[in-house]
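Structure first, commentary second.
2 protein chains.
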Amino acid sequence: MISSFNSSLLENAVNELSKLPGIGRKTALRLALHMLRRDENEAVALGESIINMRRNICYCSRCHNISEQEICPICNDSRRDQETVCVVENVKDVITIESTRQHSGLYHVLGGLISPLDGISPSDLEIESLVARVKEEKLKEIILALSPTIEGDTTNFYIFRKLADLPVRVTMLARGLSIGNELEYTDELTLGKSIQNRVLFSDSFNQKS
Amino acid sequence: MISSFNSSLLENAVNELSKLPGIGRKTALRLALHMLRRDENEAVALGESIINMRRNICYCSRCHNISEQEICPICNDSRRDQETVCVVENVKDVITIESTRQHSGLYHVLGGLISPLDGISPSDLEIESLVARVKEEKLKEIILALSPTIEGDTTNFYIFRKLADLPVRVTMLARGLSIGNELEYTDELTLGKSIQNRVLFSDSFNQKS
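As structure tokens, then:
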């Protein structure tokens, strides 16, 4: 549909924008024309923020979370519990868990989940480095915080086996009712798990939220 | 939901991306993390294409379409019919009409439609400059190619009145059946117009497509 842009600069920007996931050529054109209508400073700020971010963000050599230094601010924060590490699939999950303010320990970002169908094997993930951290940092607890999917469960089990001989407590996130959801619409597997893992009602008062 | 980014560079990029229309903070974070995973050159190319586009694209002083020079390539193209001007709402409509390859004349971009409810009056649009072009360039035909909405029809009528005393033919895009749509699902107004404006069947053979 969109052929004659009348400007190679516009065409170039549309081409680059449409490489982003979920952004087709029509949306890219809409975004580019929006930027042309707005103040020049806005487009320059956007462009520079993208370049600066990509050029200066690296990965923490300890937990593999994004970082602007060799070691990320979370790993460097001495107020955090240095002996409890939460294992997550990716950087986004770190942000999501941080937003709950319920985890005061460190993280370990795997960079994916074991998925033979997608060609992702344990060696593609940061699992060996997790085992090394458990030994070197004498970690007391590993919290497996992967998605409750086949890939997540496979990865959970693989890590659990790898850590079986080490003196570390391996826990995983509770599976149960979603807060705000009706019992009636909760699937049977989840409901079953929530019965198996029921907790003392009196304990729910003592948890800080 | 998204609070602790662990990186001011990421936060900055997410803030700038989420200023774009239709992109919320969650999508902005998804796009930013995508760029972090991909090659650095890709993000730099995107950032630079946005900055270059915004810095170097201006508006054609004759037709008000986007341009990289004072006069746009369409206005400068001597092979195009210099006496027929298609009046459109915005830059996107120029691209859409160009893609049909059915208009060999020039354009005039109004920059919007008359809409009292949105506070857009005729003086906010490039209508006076259109009247001036009709006089100065001795235009023979003005094709009104505005959307068939209340605002489009109001603007059509306003321009028609403004040009009433000038020796120029004022035409508008045909309204009728959408190609590929079933007759049954065509609204009555459109169907009525398509009956009023019916064309000779034999003429449809002679039109190049």
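Top line first, the protein sequences correspond to chains S and Y. The opening residue of the first sequence carries number 1 in the numbering used here; numbering runs sequentially from there. The opening residue of the second sequence carries number 1001 in the numbering used here; numbering runs sequentially from there. Just so it is clear, CB atoms sit at the ideal spot from N, CA and C, and this is done for glycine as well.
Residue-chain proximity (residue i, chain Y), Cβ-Cβ < 8 Å
i: R198 (chain S); result: no
i: A145 (chain S); result: no
i: L36 (chain S); result: yes
i: L110 (chain S); result: no
i: G47 (chain S); result: yes
i: R54 (chain S); result: yes
i: E19 (chain S); result: Position check: residue 19 (chain S) holds Lys in this sequence, whereas Glu was assumed. Yes, contact with chain Y.
i: E151 (chain S); result: no
i: V87 (chain S); result: no
i: N65 (chain S); result: yes
i: L106 (chain S); result: no
i: V94 (chain S); result: yes
i: A28 (chain S); result: no
i: E126 (chain S); result: no
i: A43 (chain S); result: yes
i: N156 (chain S); result: no
i: E70 (chain S); result: no
i: L139 (chain S); result: no
i: I57 (chain S); result: yes
i: N6 (chain S); result: yes
i: I179 (chain S); result: no
i: V168 (chain S); result: no
i: I142 (chain S); result: no
Limits of the alpha helix (DSSP H) - the one that residue i falls within
i: G152 (chain S); result: 150-162
i: I1114 (chain Y); result: Unbroken run through I1114 (chain Y): none, as it is neither H nor E.
i: E89 (chain S); result: Taken as a continuous stretch (DSSP letters only), E89 (chain S) belongs to no alpha helix (DSSP H), as it is neither H nor E.
i: I51 (chain S); result: 40-56
i: E128 (chain S); result: 128-136
Residue-level contact to chain S via CB, residue i, 8 Å cutoff
i: R1133 (chain Y); result: no
i: S1115 (chain Y); result: no
i: I1002 (chain Y); result: Any answer about I1002 (chain Y) is weak, because its pLDDT of 42 lies below 50 and its placement is not dependable; what the coordinates show is given next. Yes - at least one Cβ of chain S is within 8 Å of the one on I1002 (chain Y).
i: K1193 (chain Y); result: no
i: N1076 (chain Y); result: no
i: L1173 (chain Y); result: no
i: I1120 (chain Y); result: no
i: I1033 (chain Y); result: Note on identity: in this sequence residue 1033 (chain Y) is Leu, with Ile being the wrong assignment. Closer than 8 Å: yes.
i: L1009 (chain Y); result: yes
Residue i classed as buried or exposed, judged by whether at least 16 other C-beta atoms fall within 10 angstroms
i: F160 (chain S); result: exposed
i: Y185 (chain S); result: exposed
i: V134 (chain S); result: buried
i: R62 (chain S); result: buried
i: C1058 (chain Y); result: exposed
i: F1005 (chain Y); result: buried
i: I114 (chain S); result: buried
i: N1197 (chain Y); result: exposed
i: N56 (chain S); result: exposed
i: E137 (chain S); result: exposed
i: V199 (chain S); result: exposed
i: D187 (chain S); result: exposed
i: S204 (chain S); result: exposed
i: I1095 (chain Y); result: buried
i: E180 (chain S); result: A small correction: the amino acid at residue 180 (chain S) is Gly; Glu does not occupy that position in the sequence shown. Exposed, because fewer than 16 other Cβ atoms sit within 10 Å of the Cβ of G180 (chain S).
i: D1093 (chain Y); result: buried
i: L110 (chain S); result: buried
i: I127 (chain S); result: buried
i: S1007 (chain Y); result: buried
i: E70 (chain S); result: exposed
i: A132 (chain S); result: exposed
Cβ separation of residue i and residue j, assumed to be a contact under 8 Å, to the nearest whole Å
i: L10 (chain S); j: I1050 (chain Y); result: L10 (chain S) to I1050 (chain Y), Cβ: 11 Å. No contact.
i: T20 (chain S); j: L1031 (chain Y); result: The displayed chain sequence assigns Leu, not Thr, to residue 20 (chain S). L20 (chain S) to L1031 (chain Y), Cβ: 5 Å. Contact.
i: I1143 (chain Y); j: L1163 (chain Y); result: Their Cβ separation, rounded to whole angstroms, is 12 Å, which puts I1143 (chain Y) and L1163 (chain Y) out of contact at 8 Å.
i: G105 (chain S); j: C75 (chain S); result: Not confirmed; about 10 Å, so no contact.
i: G176 (chain S); j: S194 (chain S); result: 4 Å
i: G119 (chain S); j: E89 (chain S); result: Not confirmed; about 16 Å, so no contact.
i: L166 (chain S); j: T155 (chain S); result: L166 (chain S) to T155 (chain S), Cβ: 17 Å. No contact.
i: N1012 (chain Y); j: M53 (chain S); result: 7 Å
i: L139 (chain S); j: E48 (chain S); result: So it is not a contact: roughly 40 Å between Cβ atoms.
i: I946 (chain Y); j: L1017 (chain Y); result: Chain Y is shown from 1001 up to 1209; residue 946 (chain Y) falls before or after that span and cannot be answered.
i: N1130 (chain Y); j: H1108 (chain Y); result: The question names Asn, but residue 1130 (chain Y) in the sequence shown is Leu. Contact holds; Cβ gap of about 5 Å.
i: L1033 (chain Y); j: V44 (chain S); result: In fact, because the Cβ distance is near 23 Å, the residues do not count as touching under 8 Å.
Range of the contiguous beta strand (DSSP E) that encloses residue i
i: Q1069 (chain Y); result: Taken as a continuous stretch (DSSP letters only), Q1069 (chain Y) belongs to no beta strand (DSSP E), as it is neither H nor E.
i: L144 (chain S); result: 141-144
Minimum Cβ-Cβ distance from residue i to chain B less than 8 Å
i: N12 (chain S); result: Judged by its chain identifiers, the structure shown contains no chain B, and its protein chains are S and Y.
>> Please give me, in chain order, every unbroken run of the alpha helix (DSSP H) with length at least 4 that falls completely inside the stretch 2-36 of chain S.
In response: Segments of the alpha helix (DSSP H) lying fully in the stretch 2-36 of chain S: 8-17.
>> Extract the residue ranges of the beta strand (DSSP E) inside the stretch 166-201 of chain S, only unbroken runs of 3 or more that lie entirely within it.
In response: Listed in chain order, they are 169-172.
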